[in-house]
Amino acid sequence: MRSKKYIFLFLLIGALSAQNDLRFDFGADSLEVNVGETKEIEIKLLNDKNKLVDNPFYVYGQRKNLSVLPRISESGGKVKVTVKAHNPGRLVLTTQTVTVKRDDRVRGSLVINVPYPPIEKVAFSQTPSKLYTNTTTNLSAKVTDQAGLDRTAGTPVAYKSSDESIASFDELNNLITKKAGRITVSATAEGVSQSLKIKVVKNPARSVSISTNGVDEIRTGDVLRVSAKAVSGSRSFDDVPVYYSFTGKAEYGEFGLPASAQITSDGRFVAETAGMYTVSASAGGYSAQKTIKVVPRNVNRKVKLVGHGLITNVLTSDLWVWPGIGKHKGKDFAVTGTWGSNG
């Protein structure tokens with residue numbers, strides 16, 4: 020019996036040693052490929068004597084960044100694959116032997132460096148030819164390289180106004196107008212730029228009108244349309260930008276949560292918590308306010324326990340329940356699981 024144990028242990032150590040002696044040969048320590056370019060690589064599975072090992076293996080790249088064909092070797096311990104780079108960066112080509120047991124797998128990797136293509140185009144998100152004084156306009160630019168990739172997020176862009184006494188940029192790429200005049204603004208990234216000529220005229224606003232069509236009380240979750248315009252006497256100006264904001268206090272008693280609400284740039288207001296809110300609209304240095312009372316929605320019903328369900332095949336941490344609509348009205352549905360456990 021003892022001799023059988025020794026033989027088994029010897030075979031086990033031998034098998035592990037054989038696996039440890041295997042390695043992948045890519046022909047180089049790293050490779051450089053341009054975006055959109057394809058290159059052919061021969062990959063070999065070798066033993067400690069640099070002999071080919073006839074064991075199939077997988078080849079795969081990073082999803083959406085590096086594609087590989089074919090993705091598995093056929094026989095003979097080697098394969099020629101074609102790799103194609105779709106995005107720049109330090110990418111990795113990975114190999115892995117096909118084995119019955121997970122612990123017996125041999126893995127390898129090749130670093131593939133994909134340089135960033137040169138910048139080809141810088142384009143303003145908006146191209147206004149006329150702006151009013153005392154306004155703020157976001158002129159963030161989109162940066163595109165020669166491969167057609169959007170490089171806006173990682174590329175520094177320099178914004179400049181030809182006369183900062185008329186208008187200037189803040190740190191968030193907003194152009195703030197100060198007085199009437201003509202300017203040229205530019206956005207530059209890696210030597211590529213776009214310029215825009217803008218005429219700044221005096222803001223005609225002398226007051227702001229605000230309306231909610233007579234509504235001064237809504238429920239939580241209701242969307243209230245707030246309408247505001249810049250006016251001067253009996254005239255109103257549709258092209259003068261109006262900026263919305265709000266303040267509020269939630270009704271949560273002594274230990275209250277902060278008021279939670281939102282108002283969009285076109286004046287749609289919605290509150291998540293009940294309380295008193297003041298919506299403000301400003302234009303050309305003038306503003307108007309409207310106070311809105313938000314009451315609880317009070318939509319609730321008793322829950323009736325109708326049974327138990329045991330989920331044993333996946334980990335669970337979330338339970339989402341919702342009512343059916345349309346032809347499923349009158350029924351309730353539920354799903355459980357986690358983000359990583361096949362929920």
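Every position in the sequence shown, counted from 1, becomes a number in my numbering once 19 is added.
From the three backbone atoms N, C-alpha and C, an ideal C-beta is built for every residue, glycine too.
Cα-Cα separation between residue i and residue j, rounded to whole angstroms
i: V125; j: T174; result: 39 Å
i: A199; j: A300; result: 23 Å
i: N157; j: S205; result: 13 Å
i: G356; j: V325; result: 21 Å
i: T114; j: V261; result: 58 Å
i: I138; j: Q165; result: 6 Å
i: L30; j: Y77; result: For L30, the predicted model reports a pLDDT of 40, less than 50, meaning its position is unreliable; a value from the coordinates is still stated below. Rounded to whole angstroms, L30 to Y77 spans 26 Å at the Cα level.
i: L35; j: K120; result: Residue confidence is low: L35 scores 42 on pLDDT, short of 50, so the model does not pin down where it sits. Its coordinate-derived value is still stated next. If you take the alpha carbons of L35 and K120, they lie about 12 Å apart.
i: H347; j: A353; result: 13 Å
i: I26; j: G127; result: Unreliable positioning characterises I26 in this predicted model, as indicated by a pLDDT of 44, which lies under 50. A coordinate reading is not provided.
i: K83; j: K103; result: 10 Å
i: G80; j: A172; result: 24 Å
i: A160; j: T146; result: 10 Å
i: G252; j: V54; result: 59 Å
i: E270; j: N106; result: 50 Å
i: V322; j: L338; result: 15 Å
i: Q213; j: A302; result: 29 Å
i: V250; j: D169; result: 41 Å
i: I311; j: I282; result: 13 Å
i: F60; j: N332; result: Residue identity check: residue 60 is Ile in the sequence provided, not Phe. Approximately 42 Å between the Cα atoms of the pair.
i: L88; j: K350; result: 48 Å
i: K97; j: L334; result: 40 Å
i: G95; j: D40; result: 17 Å
i: D122; j: V242; result: 58 Å
i: G33; j: D48; result: Confidence in G33 is poor, its pLDDT being 44 and thus under 50, which makes the residue's placement unreliable; the coordinate value appears in the next sentence. One C-alpha to the other measures close to 29 Å.
Residue i (DSSP reduced to helix, strand or coil)
i: K149; result: strand
i: K346; result: helix
i: D393; result: Beyond the ends of the chain as shown, which are 20 and 362, falls residue 393; an answer cannot be given.
i: D189; result: coil
i: R109; result: strand
i: D122; result: helix
i: F45; result: coil
i: L334; result: coil
i: V318; result: coil
i: F352; result: strand
i: S86; result: strand
i: Y135; result: coil
i: R201; result: strand
i: Q281; result: strand
i: D73; result: coil
i: L50; result: strand
i: R254; result: strand
i: S246; result: strand
i: R225; result: coil
i: Q81; result: coil
i: S184; result: coil
i: S306; result: strand
i: S259; result: Sequence inspection shows Val at residue 259; the Ser mentioned does not correspond to that position. Here V259 sits in coil by DSSP.
i: G127; result: strand
Top-ranked residue by Cα proximity to residue i, from the options
i: D73; options: I60, E93, F288, G356; result: E93
i: G210; options: T163, G304, I131; result: T163
i: G17; options: D123, I131, D122; result: The requested residue 17 does not occur in the structure, where the chain is confined to residues 20 to 362.
i: K197; options: E51, G304, G294, L50; result: G304
i: E51; options: D67, P136, P315; result: P136
i: G294; options: P75, E236, V141; result: E236
i: F256; options: S226, V333, D40, V117; result: S226
i: S184; options: A177, E190, V176, L194; result: L194
i: A224; options: R254, K149, I202, T203; result: R254
i: F288; options: R316, N317, G240; result: G240
i: N69; options: S181, R42, T57; result: R42
i: K218; options: T152, P89, D351, D285; result: T152
i: T4; options: D40, T231, N222, I344; result: The requested residue 4 does not occur in the structure, where the chain is confined to residues 20 to 362.
i: S306; options: L215, S181, S230, K63; result: S230
i: G108; options: P134, K309, T297; result: P134
i: T266; options: T292, N66, V259; result: T292
i: T57; options: L110, T101, V318; result: T101
Host beta strand (DSSP E) of residue i (start-end)
i: V220; result: 211 to 220
i: L329; result: From DSSP, L329 is part of no beta strand (DSSP E); its letter is neither H nor E.
i: T297; result: 294 to 302
i: I62; result: 57 to 65
i: E236; result: 236 to 238
i: S264; result: 262 to 269
i: K179; result: 177 to 180
i: I91; result: Careful: I91 lies outside any beta strand (DSSP E) and carries neither H nor E.
i: T155; result: 155 to 157
i: V162; result: 160 to 164
i: V102; result: 97 to 104
i: V289; result: 287 to 290
Supposed contact pair residue j and residue i - C-beta distance, whole angstroms, cut 8 Å
i: A278; j: K268; result: 6 Å
i: V245; j: Y263; result: 7 Å
i: R320; j: R238; result: Actually they do not touch by this definition, with Cβ atoms about 17 Å apart.
i: I116; j: L64; result: A quick correction: the sequence has Thr, not Ile, at residue 116. About 7 Å; that satisfies the 8 Å criterion.
Near the ligand MG: residue i beta-carbon under 7 Å from a heavy atom
i: L243; result: The ligand MG is not part of this structure, which contains no ligands at all.
Within-8 Å CB hit, residue i to chain B
i: G304; result: Note that chain B does not occur in the displayed structure, where there is just one protein chain.
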